[in-house]
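Protein chains in written order, with this note's numbering: chain A, -9 to 93; chain B, 1143 to 1311. Even for Gly, the Cβ is constructed at its ideal location relative to N, Cα and C.
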């Protein structure tokens, strides 16, 4: 790879960011921090899409990112509402205390 | 000789990865508020990368929607639940080690595959993601998906109201 920032550089950053998000999901045990890891993974996919869009001279990738951001916003709203409802019943946001499906 | 934009790329990429790491695995603090603040910084530096990729509209949306709306929602829920520092519990060292090895392996495979691929030269004419261009393509070719997404937002809104009612009837 050359020193000039090309498609490959952006994709490497995106891949590493995806792995960081996955690390957050695997290693942390607070439900909200796990959710932040998910957001990080979605963002890394956005970065890859924008990089492809720029280097292939095609705007469709950016429209896709627009839709991903919208769906992520809806997903965050629903997910956080679920976490709040769960917390009201069980008084915990720690994944090791939430192992049974039954309330 | 590296161009100024290349130096900016390295700066923003380094900041994004550093803040992302501090968000998920901060060695000094287990507090969810700290993680949320570092996630805001990650998203802002990623908006810088979007500007370098000529996606100006998306950079603005990234800051407004993610760093603004979504992170405020996160902080609001953290404060609402009054989450303290994550208590230090006994870690399952085997599971953590295996998970770390699996993720490091995935990172290694991805980076090696990308490094061995023949990269496209960056000399292609730059496509500009301005509001005008993006709006034109969004309302011409993607009108139906756009409308469907608006219905999705409405469904999510109704669902959230239903979920946060005290008693479900």
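### Query
Measuring CA to CA, which of 1249(B), 1296(B), 1299(B) and 1144(B) is closest to residue 6(A)?
Indexing the first chain from 1 puts residue 6(A) at position 16. Among 1249(B), 1296(B), 1299(B) and 1144(B), the Cα nearest to that of residue 6(A) is on 1249(B).
### Task
Return no unless some Cβ of chain B is closer than 8 Å to the Cβ of residue 75(A).
The residue you call residue 75(A) lines up with position 85 of the first chain. The beta carbon of residue 75(A) sits closer than 8 Å to some beta carbon of chain B.
### Query
For the alpha helix (DSSP H) that residue 1250(B) lies in, which residues bound it at each end?
Within the second chain, the letter at position 108 stands for residue 1250(B). It spans 1235 to 1258 - the alpha helix (DSSP H) in which residue 1250(B) sits, taken as one unbroken run.
### Task
Consult DSSP for residue 1168(B) and reduce its assignment to one of helix, strand or coil.
As a working mapping, residue 1168(B) is identified with position 26 in the second chain. Note: residue 1168(B) maps to coil in three-state DSSP.
### Query
What is the DSSP secondary structure of residue 20(A), counted as helix, strand or coil?
Within the first chain, residue 20(A) is the residue found at index 30, counting from 1. Looking at residue 20(A) - three-state DSSP - the assignment turns out to be strand.
#### Entry: residue 1269(B) - containing alpha helix (DSSP H), residue span
The residue given as residue 1269(B) occupies position 127 in the second chain. Bounds of any alpha helix (DSSP H) do not take in residue 1269(B), whose DSSP letter is neither H nor E.
### Task
Taking only beta carbons into account, state which residues of the segment 10 to 25 of chain A come closer than 8 Å to chain B, listed in chain order.
Of all residues in the segment 10 to 25 of chain A, the ones placed with a Cβ closer than 8 Å to any Cβ belonging to chain B are 10, 11, 12, 13, 14, 16, 17, 18, 19, 20, 22, 23 and 25, in chain order.
### Message
Measuring alpha carbon to alpha carbon, tell me which residue in 1198(B), 1178(B), 1224(B) and 1187(B) is nearest residue 1276(B).
### Response
For the purposes of this step, residue 1276(B) is taken as the residue at position 134 of the second chain. Checking every option, the nearest Cα to that of residue 1276(B) belongs to 1198(B).
### Message
Does the segment 1272 to 1290 of chain B come into contact with the segment 25 to 33 of chain A, if we say contact requires no fewer than three beta-carbon pairs (one atom in each stretch) closer than 8 Å?
### Response
Using a Cβ-Cβ distance cut-off of 8 Å, the segment 1272 to 1290 of chain B and the segment 25 to 33 of chain A are not in contact, since fewer than three pairs of beta carbons, one from each stretch, lie closer than that value.
### Query
Since residue 1309(B) meets chain A, which of its residues come closer than 9 Å, beta carbon to beta carbon?
In the second chain, the residue the question calls residue 1309(B) occupies position 167. Chain A residues near residue 1309(B): none, gap ~11 Å exceeds 9 Å.
### Message
Under DSSP, the alpha helix (DSSP H) around residue 63(A) begins and ends at which residues?
### Response
Locating residue 63(A) in the first chain gives position 73, where the first residue counts as 1. Where residue 63(A) is concerned, the enclosing alpha helix (DSSP H) stretches over 50 to 80.
### Message
Against chain B, with Cβ distances strictly below 8 Å, would residue 43(A) count as a contact?
### Response
By 1-based counting over the first chain, the position of residue 43(A) is 53. Answer yes: the Cβ-Cβ gap between residue 43(A) and chain B drops below 8 Å somewhere.
### Task
For residue 81(A), count neighbouring Cβ atoms within 10 angstroms of its own Cβ and tell me buried if that reaches 16, exposed if not.
Translated into positions along the first chain, residue 81(A) becomes position 91. By the neighbour-count rule (16 or more Cβ atoms within 10 Å), residue 81(A) is not buried but exposed.
### Beta-bridge pairing of residue 84(A) - partner residues as DSSP gives them
Within the first chain, the letter at position 94 stands for residue 84(A). As a beta-bridge residue in DSSP terms, residue 84(A) pairs with 20(A).
### Residue span of the alpha helix (DSSP H) that contains residue 1187(B), given as start and end
Start at 1 with the first residue of the second chain, and residue 1187(B) comes out as number 45. Its alpha helix (DSSP H) spans residues 1174 to 1194.
### Query
Residues of chain B with a CB under 7 Å from the CB of residue 35(A): which are they?
Residue mapping note: residue 35(A) aligns to position 45 of the first chain, counting from 1. Proximity of chain B to residue 35(A) at the Cβ level (cut-off 7 Å) is not reached, the minimal Cβ distance being about 12 Å.
### Query
For residue 1204(B), does the three-state DSSP call read helix, strand or coil?
What you label residue 1204(B) is simply residue 62 of the second chain in a count that begins at 1. Helix.
### Task
Please name the residue, chosen from -3(A), 13(A) and -7(A), that lies closest to residue 47(A) on a Cα-to-Cα basis.
As a first step, residue 47(A) must be located in the first chain, where it is residue number 57. Of the listed residues, the one whose Cα sits closest to residue 47(A) is -3(A).
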